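Each remark here refers to the structure printed beneath this line.
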Amino acid sequence: MDENPTSLTPNDGGRDSRISLITRFFAILAVILAVTTGALLAGQFPGRPILLLALLIIIFLVVWDNPNVVAHTVLDWLPVLVIAVGYDLVRSQAPSLITRAITEPQLKTDEFLFFGTVPTVRLQQAIPVKTNSGSAQWWGYLMTAIYITHFL
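Quick note on my numbering: the sequence shown kicks off at 259 and runs consecutively.
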């Protein structure tokens with residue numbers, strides 16, 4: 259007889275499995291109720307990070323301690339899904355971080371070091387791209403060619 263507790267044979271359908279099934283059902287219902295209540299209180303549809311987090315919790319509740327082979331496969335892939343959802347959560351915060359974290363401190367430092375004017379503005383003022391007749395100067399083409407090499 260196989261006494262392996264990790265075997266993938268279905269359980270006997272006893273009282274413990276029914277309690278586990280009822281507990282899971284109410285836990286899933288609680289997650290759905292929490293997301294719905296939060297959406298109603300906020301007055302808007304929940305964002306993608308909240309929905310993905312709720313979906314991960316529901317997936318975990320469905321596949322945990324489930325003897326089905328597909329459930330074990332999903333459970334094995336759950337850490338990868340958690341990392342992907344975490345990445346998406348951080349990425350969703352990026353628009354508010356980019357302007358503060360990357361641009362603003364450097365811009366303020368340049369303005370402080372160069373007496374209120376950013377050096378690139380002075381450079382653009384010092385090198386006119388067009389002549390009085392409206393045609394471009396030869397160095398404008400050279401600068402464009404150098405700039406394009408960045409993408410090659």
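Virtual Cβ for every residue (Gly too), placed ideally from N, Cα, C. If you're wondering where the values come from, they're calculated on a predicted model, not measured in any experiment.
Problem set entry | Host alpha helix (DSSP H) of Gln383 (start-end) | Here the question's residue 383 lines up with position 125 in the sequence shown. Run containing Gln383: 377-384, per the alpha helix (DSSP H) assignment.
Exercise. What's the call for Val321, buried or exposed, on a 16-neighbour Cβ count within 10 Å?
Worked result: Within the sequence shown, the letter at position 63 stands for residue 321. With 16 or more other Cβ atoms within 10 Å, it is buried.
Problem set entry | Given Val332 as reference, the closest of Ser354, Val343, Ile317, Phe409 once Cα atoms are compared | Stepping through the sequence shown from its first residue, residue 332 is reached at position 74. Taking only the C-alpha atoms, the option nearest Val332 is Ile317.
Exercise. Where do the ends of the alpha helix (DSSP H) carrying Ala342 lie?
Worked result: One-based indexing of the sequence shown puts residue 342 at position 84. Its alpha helix (DSSP H) spans residues 327-350.
Exercise. If we call anything under 9 Å between Cβ atoms a contact, is Leu319 one with Val343?
Worked result: The sequence position of residue 319 within the sequence shown is 61, counting from 1. The sequence position of residue 343 within the sequence shown is 85, counting from 1. No.
For this session: Identify the continuous alpha helix (DSSP H) that holds Phe372 and give its terminal residues.
Result: Translated into positions along the sequence shown, residue 372 becomes position 114. Per DSSP, Phe372 belongs to no alpha helix (DSSP H) and is neither H nor E.
Exercise. CB Arg380 to CB Ser350, shorter than 9 Å?
Worked result: By one-based count along the sequence shown, residue 380 stands at place 122. By one-based count along the sequence shown, residue 350 stands at place 92. Against a cut-off of 9 Å, the Cβ pair of Ser350 and Arg380 comes out as no contact.
Exercise. Can you find a CB in chain B that lies within less than 9 Å of the CB of Gly296?
Worked result: The chain inventory of the structure shown lacks chain B, comprising one protein chain alone.
Problem set entry | Range covered by the alpha helix (DSSP H) that runs through Pro307 | The residue given as residue 307 occupies position 49 in the sequence shown. 306-321 is the span of the alpha helix (DSSP H), which, as asked, contains Pro307.
Problem set entry | Coil, strand or helix - Leu410 by DSSP | Numbered from its first residue, the sequence shown carries residue 410 at position 152. Reduced to three states, the DSSP call for Leu410 is coil.
Problem set entry | Reference Ser275, options Ala288, Gln364, Leu310, Asn324, closest by Cα | As a working mapping, residue 275 is identified with position 17 in the sequence shown. Of Ala288, Gln364, Leu310, Asn324, the residue nearest in Cα terms is Asn324.
Exercise. When we look at the beta-carbon of Leu291 and count the other beta-carbons within 10 Å, is it buried (16 or more) or exposed?
Worked result: Residue numbering aside, residue 291 sits at position 33 when the sequence shown is read from its first letter. The residue in question, Leu291, is exposed, as its Cβ has fewer than 16 Cβ neighbours within 10 Å.
For this session: Using 10 angstroms around the beta-carbon of Leu311, count the other beta-carbons present and answer buried if the total reaches 16, otherwise exposed.
Result: As a first step, residue 311 is located in the sequence shown; it is residue number 53 there, counting from the start. With 16 or more other Cβ atoms within 10 Å, it is buried.
Exercise. CA-CA distance, Val293 and Leu309?
Worked result: Within the sequence shown, the letter at position 35 stands for residue 293. Within the sequence shown, the letter at position 51 stands for residue 309. Looking at the two C-alpha atoms, the distance is approximately 8 Å.
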